[in-house]
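Residue numbers (the numbering used here), protein chains in the order written: chain P, 13 to 313; chain U, 13 to 313. Positions of the beta carbon are idealized from the N, C-alpha and C atoms, including for glycine. Beneath this line is the structure, given in structure tokens, with notes to follow.
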């Protein structure tokens, strides 16, 4: 079955101590949609400006991503994030952000999109995530991703959203901030009380945690000897995760979530090995499955 | 088979935002020996002063820990660490350290100790770890633990030690410091080049990594909803780990190391649930095995 993904479609300029990479294809929806497209038919809901390179549209299309929901504003500017990483590639800071066409965007779904069973509200303002969700007709499973920015500037919208989604994905420091609880494990129970039946906490190189009706799952990350650029790794994780779930022909979502997280972690590991989407684009079903088998061996006891 | 443990036998005064806990039984050898004693006969090599409370000697003895190698210096002062934790219990700082009888200690092993097959050089000055190792007669498996202090003030001794041990245990920031490599996975290869066939990296709440001839193992930590005092958790981990290995009747060390790390992680989880040794003392073989089974379920995919 298919996946609908809404989020940012952006141009990312990423500086590292070793290189400058201007105007890469980026954004939460780009990373997540590419990741999901390994597993399931994927529909992208986003907005770009007239400056959005045609080659990036071709890139989406080459992955079979449905672009009917990608709005193009000819006289507008594409969302642009400019950031830099420190030597260790863990700490990043934003140098500049141009919201552009995202600023006043209110997505309208093409008619045939509303019955998509799997929905990923990738990282974007919670108000936009809500607008999309309100247009959906009884989706089977809805995941929302978020970031610290929305906890700071749009908490009320986020709390409203949490009552309407099946699963929230956030990182460990965001979980601490949202619950004012320094212990991530006890924070999980507090997040469930805000709405979502499932909560997934991303911990980067330390893996991830799933909490749901079936209890806790502690998932490893794929161990990488070299991280080139972690931008989009979290989006790739959740996109790969939901794509994997959507691709299963039988059984409950619950039954597949653990292996879905492992597949998400593997797609995220590829994402980290190159700038922008470059390394993810080189991955294949075969190389993904090989890393999943490796993780099975690495985690067995 | 039995385990010999050398390290610090200390009095720990631990402040937290909520409580002061003066003169608890602490030290790397105390935590490690208690952890190992759940699984295997344990010999303790350490030194204490005349101020060392008799009740703590009784406590060791109640666990069947062999104290023939515990030196008592009547007119000396026991090693005393005074530290405090911040609210989140992850950051700690040392308020005061009195080395006391450890300062000029040169351990001499009782004759019957030299043939102990499993040796844990728990955290103490590398020169002392070397002195003990030189008195051993063909041990089957030797693990050395260390800390950032020794990387800073006794690196030459530590590097000498690394050529003589089977396994080094250290935390992720120490691994980065030792190798000047920010990536923990690639740091592992560099540490192997310094000597040890096995390297274990402790990551606290994020679990641990084992690297050895059989490849990499990514071990989960036991997820705790509340951490009271993490002091000694690393020592408990490695003590439990080696005690578990020593208790196996057949098969290679390699074969048992993964499950040994899981058992070590579980003993460490108990350690974190109380001040000093209090919570570890309440654990039993049954409660340890129950958490091991829980971890099996939590990590399965």
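Problem - Cβ-Cβ distance between residue 157 (chain U) and residue 290 (chain U) below 8 Å - result: no
Practice task
Look up residue 83 (chain U) in the DSSP assignment and give the residues it is bridged to.
Solution key: U:59
Problem - Three-way DSSP call (helix, strand, coil) for residue 142 (chain U) in this model - result: helix
Handout entry: Inter-residue Cα distance where the pair is residue 165 (chain P) and residue 203 (chain P)
Key = 19 Å
Problem - Cβ neighbour criterion (16 or more within 10 Å) applied to residue 127 (chain P) - result: exposed
Handout entry: Own chain residues within Cβ distance below 6 Å of residue 4 (chain P), not counting five before or after
Key = Outside the shown range of chain P (13 to 313) lies residue 4 (chain P), about which nothing can therefore be said.
Handout entry: Exposure of residue 281 (chain U), with buried meaning 16 or more beta-carbon neighbours within 10 Å
Key = buried
Problem - Continuous beta strand (DSSP E) stretch holding residue 231 (chain U): start and end - result: 227 to 231
Handout entry: Beta bridge counterpart(s) of residue 166 (chain P) as assigned by DSSP
Key = BP columns for residue 166 (chain P) are empty, so no partner.
Handout entry: the segment 114 to 126 of chain P contacting the segment 45 to 60 of chain P, beta-carbon criterion three pairs below 8 Å
Key = yes
Problem - DSSP beta-bridge partners of residue 224 (chain U) - result: For residue 224 (chain U), which the question treats as bridged, DSSP gives the partners U:227.
Handout entry: the segment 41 to 48 of chain U in contact with the segment 247 to 262 of chain U per 3-pair CB rule at 8 Å
Key = yes
Handout entry: Run of the beta strand (DSSP E) containing residue 284 (chain P), from where it starts to where it stops
Key = Unbroken run through residue 284 (chain P): none, as it is neither H nor E.
Problem - Proximity below 8 Å, CB of residue 221 (chain U) to CB of residue 176 (chain U) - result: no
Practice task
Provide the residue span of the alpha helix (DSSP H) that contains residue 184 (chain U), from first to last.
Solution key: 184 to 191
Handout entry: Residues sharing a beta bridge with residue 22 (chain P), DSSP
Key = P:38
Practice task
Give, in chain order, every residue of the segment 217 to 230 of chain U whose Cβ lies closer than 8 Å to some Cβ of chain P.
Solution key: 217, 218, 219, 221, 227, 228, 229 and 230
Problem - C-beta neighbour in chain U for residue 31 (chain P), strict 8 Å - result: no
Practice task
Report the option in P:227, P:234, P:22 and P:94 whose CA atom is closest to the CA atom of residue 88 (chain P).
Solution key: P:22
Problem - Simplified DSSP state of residue 27 (chain P), which is helix, strand or coil - result: Three-state result, residue 27 (chain P): strand.
Practice task
With 7 Å as the C-beta to C-beta threshold (strictly closer), list the residues of the segment 269 to 288 of chain U near chain P in chain order.
Solution key: 270, 271 and 274
Problem - Contact check, residue 258 (chain U) vs residue 44 (chain U), beta carbons under 8 Å - result: Their beta carbons are not under 8 Å apart, which means residue 258 (chain U) does not touch residue 44 (chain U) by this criterion.
Problem - Alpha-carbon spacing of residue 236 (chain P) relative to residue 198 (chain U), whole angstroms - result: Their Cα atoms are separated by approximately 8 Å.
Problem - For residue 127 (chain P): DSSP bridge partner residues - result: According to DSSP, which records beta bridges pairwise, residue 127 (chain P) is partnered with nothing at all.
Handout entry: Counterpart residues of residue 279 (chain P) in DSSP-defined beta bridges
Key = Beta bridge pairing from DSSP links residue 279 (chain P) with no other residue.
Practice task
Indicate whether at least one CB of chain U lies closer than 8 Å to the CB of residue 232 (chain P).
Solution key: yes
Practice task
Would you check if the distance between the CB atom of residue 178 (chain P) and the CB atom of residue 196 (chain P) is smaller than 8 Å?
Solution key: No. Outside cutoff.
Problem - Where residue 215 (chain U) meets chain P, residues with beta-carbon distance less than 8 Å - result: In chain order: 218.
Problem - Partners in chain U for residue 322 (chain P), counting only beta-carbon separations shorter than 7 Å - result: Examination of residue 322 (chain P) is not possible in this model, given that chain P is present from 13 through 313 alone.
Problem - Interface partners of residue 197 (chain U) on chain P, CB under 8 Å - result: 235, 236 and 237, listed in chain order.
Handout entry: Where residue 178 (chain P) falls: helix, strand or coil (DSSP)
Key = Three-state DSSP puts residue 178 (chain P) in coil, outside helix and strand.
Exercise for the section: Closer than 7 Å by C-beta to residue 174 (chain P): which residues in its own chain qualify, once you throw out the five before and the five after it? Chain order, please. Expected result: 180, 206, 207 and 208
Problem - Residue from P:267, P:216 and P:163 with nearest C-alpha to residue 243 (chain P) - result: P:216
Exercise for the section: Take residue 274 (chain P) as the anchor and find which of P:139, P:162, P:255 and P:18 has the nearest alpha-carbon. Expected result: P:255
Exercise for the section: Identify each residue in the segment 176 to 196 of chain U for which the Cβ-Cβ distance to at least one residue of chain P is less than 7 Å, and report them in chain order. Expected result: 194 and 195
Problem - Residues sharing a beta bridge with residue 16 (chain P), DSSP - result: Per DSSP, the beta-bridge partners of residue 16 (chain P) are P:55 and P:131.
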